[in-house]
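Inspection log for the structure reproduced underneath, given as structure tokens.
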Ligand code: ADP
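Residue numbers (the UniProt record's numbering): 1 to 451.
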């Protein structure tokens, strides 16, 4: 079969390009062994985990009414499955409105232009362009008993067999998945221990942001630093986790052990038969999303630059536009303007240049902040810890970064992001009448504070 574009993977990096290219008249064939659109994000990642998080938020807020909700994890997981089903159906109907040929199967690469889709039967495809959008999977470090641990995929996957709330959970890892799960299960009533290998959490984010988050997390969460795991073993009823601490062997017991030690790229079989180059993070692309082979594109998690669904969607569209222009780049990904949220309790979100990056690069900044202690909506929920903080370039007063610690961080970051991506200045942000009584008010309030 001859096509214009073959797309391996139907997640956020795959289907937006498929739809755009098909609308523009290109013949597109897309394959994914899941047989559903939405990728890992919908099947076992962001959508299901954030569904559980939203219900946890409701449980937490119900305490304002002196109501202690009996947590029924089975019901929570049922609701999560229902949301996933709704979105699978929605994607099916979106797909039916296009001319994209979608096949349930795995793409195996033959060379720079040829591949086999291994589905019910093998299909040989020759394509002018190939989009590799095969995403990522949880990284599993090797230690004895690693196979006894679950990952976030097991917890959140569609029809997950985990329907009972763990009484005690050990989480291995110090990144965002570890702390999102730790703070959430802590509210649901699980006794949570986190084993962090080093003395830092959330590496790669601004040091003040991570230290503030650490200081605001519930002290019931037992965080052990410098505690690498040595072994996980079955005992009569649960699991023993043996780890080292200050040269001693220590032990924790739990009914679930969650491995949250990062994600690694998933390469399709046969990738070595192309001249696509990879590094430690994934497939090497530039900001036009073209790989080292000029007819092969690699948007999304597979390039490891910015492993978020919303980043993958925009990268997918960049790839589509550059295919539409015949492979000469006309569209570029602005990786700096991708908002990032860590959905902990409290959540944090950030974008662009933060003080650590500014210092490292010799950029002079002006900071402006708004504490949630002053905010009416934060007061309504008694969630007054944290702040909105904006970073302006000193001479132009253009917004170059920002963060939110606390209430509504995942949605507030978008107002800051769109202002930053469009080069707004402190004056322009200060002059905007943000909706009252919403936390957005803090964005213009902060900007006003510097005049
Ligand atoms: P992204 O956000 O970058 O799209 P995801 O991990 O959400 O990444 O989605 C990647 C999708 O690619 C998954 O649905 C996975 O099933 C699919 N996939 C993985 N390997 C292959 C392959 N060899 N052929 C086709 N699809 C694949």
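Quick reminder that beta carbons are idealized off the backbone N, C-alpha and C, glycines included.
As the structure is a prediction and not an experimental result, all values here were calculated from the model.
Annotation for residue 381: 61, 64, 407 place their beta carbon closer than 8 Å to its own, counting only its chain and skipping 5 residues before and after. Here DSSP, grouped into helix, strand and coil, assigns residue 98 to coil. By the neighbour-count definition (other C-beta atoms within 10 Å, threshold 16), residue 298 is a buried residue. The C-beta separation of residue 163 from residue 194 comes to about 23 Å, leaving the pair out of contact by the 8 Å criterion. Taking the C-beta atoms as reference points, residue 189 is found no nearer than 8 Å to residue 155. At the C-beta level, residue 196 and residue 227 come within 8 Å of one another. Beyond the five residues adjoining it in sequence on each side, residue 31 comes within less than 6 Å, by CB distance, of 103, 105, 107, 117 in the same chain, given in chain order. Around the beta-carbon of residue 311, 16 or more other beta-carbon atoms lie within 10 Å, marking it buried. Annotation for residue 332: no beta strand (DSSP E) segment contains it, and DSSP assigns it neither H nor E. A distance below 6 Å between beta-carbons, with the five flanking residues on each side excluded, links residue 210 to the following residues of its chain, in chain order: 201, 202. Segment contact: the region 117-129 against the region 229-236, fewer than three CB-CB distances shorter than 8 Å; contact not assigned.
Counting the other Cβ atoms within 10 Å of the Cβ of residue 176 gives 16 or more, which makes it buried.
In the DSSP assignment, residue 186 falls within the alpha helix (DSSP H) that extends over 176-188. Membership of residue 369 in the beta strand (DSSP E) is indicated by the continuous run 365-371. Secondary structure of residue 447 (DSSP, three-state): helix. When secondary structure is reduced to three states using DSSP, residue 151 falls in the strand class.
In this structure, residue 342 places its C-beta atom within 8 Å of the C-beta atom of residue 348. A distance below 6 Å between beta-carbons, with the five flanking residues on each side excluded, links residue 199 to the following residues of its chain, in chain order: 225, 226. Spatial neighbours of residue 249 in its own chain (CB-CB distance under 8 Å, excluding positions within 5 residues in sequence) are listed in chain order as 230, 242, 243. Look at residue 222 here: in three-state DSSP terms it is strand. Taking 8 Å as the cut-off, the Cβ atoms of residue 305 and residue 274 do not count as close. Using a 10 angstroms sphere on the CB of residue 370, the tally of other CB atoms reaches 16 or more, which defines it as buried. The beta carbon of residue 101 sits no closer than 7 Å to any heavy atom of ligand 1. Around residue 338, the same chain offers 306, 311 as residues with beta carbons nearer than 6 Å, after the five sequence neighbours per side are excluded. According to DSSP, residue pairing for residue 138 in a beta bridge involves 263.
Around the beta carbon of residue 427, fewer than 16 other beta carbons lie within 10 angstroms, which makes this residue exposed.
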